[in-house]
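Just so it is clear: in the first sequence, position 94 is 94 by my numbering, and no numbers are missing.
Beta carbons: idealized from backbone N, C-alpha and C, even for Gly.
Predicted, not measured: the structure shown is a model, and the values here were computed from it.
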Amino acid sequence: MIRIAFFGTPEFSVPFLTALVDDPAFEVVAVVSQPDRPQGRNHEIVPTPVKSVALDHQIPVLQPTTLRDESVLATLLALNADYFVVVAYGKIIPQAVLDVPRLGCVNVHPSLLPKYRGPSPMNWAIAEGDAKTGVTIMLLDAGMDTGPILSQTSIGLDSDETMDTLMAKAHEQGVPLLIDTLKRFATGEIVPVAQNDEAATMTKLLDREDGRIDWTLPMEVIERRLRAYQPWPGLWTVWMRNGVETRIKIHSLQPSDFRADLPPGTVSTKNSRLHVDCSDGTIEILELQPEGKPRMSAEAFLLGYSDVNGAMLG
RNA sequence: CGCGGGGUAGAGCAGCCAGGCAGCUCGCCAGGCUCAUAACCUGGAGGUCGUCGGUUCAAAUCCGACCCCCGCAA
Numbered sequence: 001m002i003r004i005a006f007f008g009t010p011e012f013s014v015p016f017l018t019a020l021v022d023d024p025a026f027e028v029v030a031v032v033s034q035p036d037r038p039q040g041r042n043h044e045i046v047p048t049p050v051k052s053v054a055l056d057h058q059i060p061v062l063q064p065t066t067l068r069d070e071s072v073l074a075t076l077l078a079l080n081a082d083y084f085v086v087v088a089y090g091k092i093i094p095q096a097v098l099d100v101p102r103l104g105c106v107n108v109h110p111s112l113l114p115k116y117r118g119p120s121p122m123n124w125a126i127a128e129g130d131a132k133t134g135v136t137i138m139l140l141d142a143g144m145d146t147g148p149i150l151s152q153t154s155i156g157l158d159s160d161e162t163m164d165t166l167m168a169k170a171h172e173q174g175v176p177l178l179i180d181t182l183k184r185f186a187t188g189e190i191v192p193v194a195q196n197d198e199a200a201t202m203t204k205l206l207d208r209e210d211g212r213i214d215w216t217l218p219m220e221v222i223e224r225r226l227r228a229y230q231p232w233p234g235l236w237t238v239w240m241r242n243g244v245e246t247r248i249k250i251h252s253l254q255p256s257d258f259r260a261d262l263p264p265g266t267v268s269t270k271n272s273r274l275h276v277d278c279s280d281g282t283i284e285i286l287e288l289q290p291e292g293k294p295r296m297s298a299e300a301f302l303l304g305y306s307d308v309n310g311a312m313l314g
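Here it is, written out as structure tokens:
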């Protein structure tokens with residue numbers, strides 16, 4: 001049996017972990033996850049998704065605050081692991097840890113490396129309107145997603161692709177690829193291939209301000225971001241209503257054939273429809289959510305907030 | 001004890017601060033008008049005002065407890 005320590009934290013990592021657990025060729029001897037942190041509305045301490053699954057399978061869980069620690073290193077060494085498998089762990093892994101497993105540290109990166117090194121590669125692929133992205137299985141080295149590639153699978157992006165659907169595809173194709181790659185690399189069937197650094201691109205970490213709609217952008221870009229920025233940071237805008245900033249989340253929109261031809265960010269309503277102009281046309285908002293309220297259709301919103309007509313959003 | 005908004009007719013909201021007939025827009029039902037409509041007119045049904053308790057002559061409104069929904073933050 002191939003001995004594996006699994007490094008991962010969010011929901012995205014879970015299918016990879018469960019597949020390893022379920023495969024008789026592997027023994028997952030430990031799981032390393034980020035420390036539990038206060039979360040949610042009352043700052044409750046919630047276990048990470050990966051930790052929960054590990055506990056369900058009676059797998060020992062480590063949650064070190066740092067991997068640069070002698071006792072942590074000693075614990076990892078004692079696992080006598082063949083692989084460390086890293087899927088969205090959330091922290092840089094220092095060289096001393098990379099050197100621990102016999103066969104190496106294998107990372108799952110959801111892009112076609114060397115394109116989109118760095119965080120949020122799937123968000124980026126959707127936001128850029130790419131026709132395809134993929135999943136890369138690679139060996140970690142000291143750089144940011146710079147290690148040699150073991151295997152890769154390509155994923156076609158649909159015109160209505162969202163993070164939900166893309167993650168499902170990444171799991172569908174990436175999980176079996178990981179399993180297969182781990183087995184074949186262990187037997188020497190796979191030779192790592194260095195990345196072409198000249199073709200590399202980097203993504204930046206999304207932050208909450210990325211979700212704030214810039215209405216001076218074209219419709220197409222705004223629409224892509226709506227699909228790319230789910231579930232976080234989402235897409236939102238601000239309505240100055242009677243001197244009070246009201247934040248409004250946009251859940252669904254579409255380009256409109258109606259042309260209001262107003263300055264970007266200006267709201268116009270017509271026949272129970274909600275339109276906002278951007279740089280190259282008029283967008284119809286279909287579903288939205290004022291802060292403190294549940295999400296609702298534009299039609300419902302207009303019944304209670306008819307004064308939005310003519311407002312300038314930003 | 002992280003900060004904050006909300007629960008009022010099927011939907012979205014106002015009324016609450018300052019207690020005194022339960023409102024608005026839409027939908028629904030019936031009828032009318034029109035060549036015509038996501039139009040217009042007339043009439044109508046639909047509510048334990050989240051729950052429980054307290055104060056009061058009187059509570060959607062004030063006080064207390066609880067339940068539920070949501071935004072932020074992390």
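With contacts defined by Cβ atoms closer than 8 Å, Gly265 and Met312 form a contacting pair. Taking C-alpha positions only, Leu79 is separated from Glu209 by approximately 42 Å. By the neighbour-count definition (other C-beta atoms within 10 Å, threshold 16), His109 is a buried residue. Boundaries of the alpha helix (DSSP H) around Phe16: Val14 to Asp22.
Under the DSSP definition of a beta bridge, Ser252 partners with Glu287.
One Cα belongs to Asp164, the other to Ala74, and the distance between them is close to 38 Å.
When Gln173, Trp124, Thr162 and Ala186 are compared, the shortest CA-CA separation from Phe84 is found for Ala186. By alpha-carbon distance to Asn107, the top candidate from Ala200, Arg227 and Ser13 is Ser13. If you compare the alpha carbons of Gln173, Asp261, Met240 and Leu274 with that of Phe16, the shortest gap goes to Gln173. Cα atoms of Arg224 and Glu128: separation of roughly 7 Å, rounded to the nearest angstrom. As summarised for the stretch 24-89, the continuous beta strand (DSSP E) elements at least 3 residues long and confined to that stretch are 26-32, 37-39, 44-46 and 83-87, given in chain order. When DSSP reads this structure, Asn107 sits in a beta bridge with Val86 and Met138.
When secondary structure is reduced to three states using DSSP, Gly147 falls in the coil class, being assigned neither helix nor strand.
Judged by DSSP secondary structure, Leu274 falls outside any alpha helix (DSSP H) and instead within the beta strand (DSSP E) spanning Arg273 to Cys278.
By the neighbour-count criterion, in which a residue is buried when 16 or more other Cβ atoms sit within 10 angstroms of its Cβ, Ser279 is exposed. In this structure the stretch 176-185 does not lie against the stretch 90-102, because fewer than three pairs of beta carbons, one per stretch, are closer than 8 Å. Nearest in C-alpha terms to Val87, of all of Lys293, Val175 and Glu44, is Val175. Residue burial is scored here from C-beta neighbours: Asn271 has fewer than 16 other C-beta atoms within 10 angstroms and is therefore classed as exposed.
When the five nearest sequence neighbours on each side are left out, the beta carbons in the same chain lying within less than 7 Å of the beta carbon of Glu161 are those of Ile126 and Arg227, in order along the chain.
Taking Glu11 as the centre and dropping the five residues before and after it, the same chain places the C-beta of Pro49 closer than 6 Å to its C-beta, in chain order.
With respect to Ile149, Leu113 sits close: the two C-beta atoms are nearer than 8 Å. In this structure, the CA atom of Trp232 is about 15 Å from the CA atom of Leu166. According to the DSSP secondary-structure assignment, Gln152 is paired through a beta bridge with Thr136.
Burial state of Arg117 is buried, judged by a 10 Å Cβ sphere holding 16 or more other Cβ atoms. Here DSSP, grouped into helix, strand and coil, assigns Ser306 to helix. Leu274 is not a Cβ neighbour of Leu303, given a cutoff of 8 Å. The alpha-carbon of Gln63 is positioned some 44 Å away from that of Thr216.
Taken through DSSP and simplified to helix, strand or coil, Arg259 comes out as coil.
In this structure, Met1 is the residue among Ile248, Met1 and Thr9 with its C-alpha nearest to the C-alpha of Val29. Glu299 places its beta carbon 8 Å or farther from that of Gln254. Within the DSSP bridge table, the entry for Lys204 names no partner. Taking the Cα positions, Ile4 is about 25 Å away from Pro121. Sorting Lys132, Ile190, His171 and Ser154 by C-alpha distance to the C-alpha of Leu139 places Ile190 at the top.
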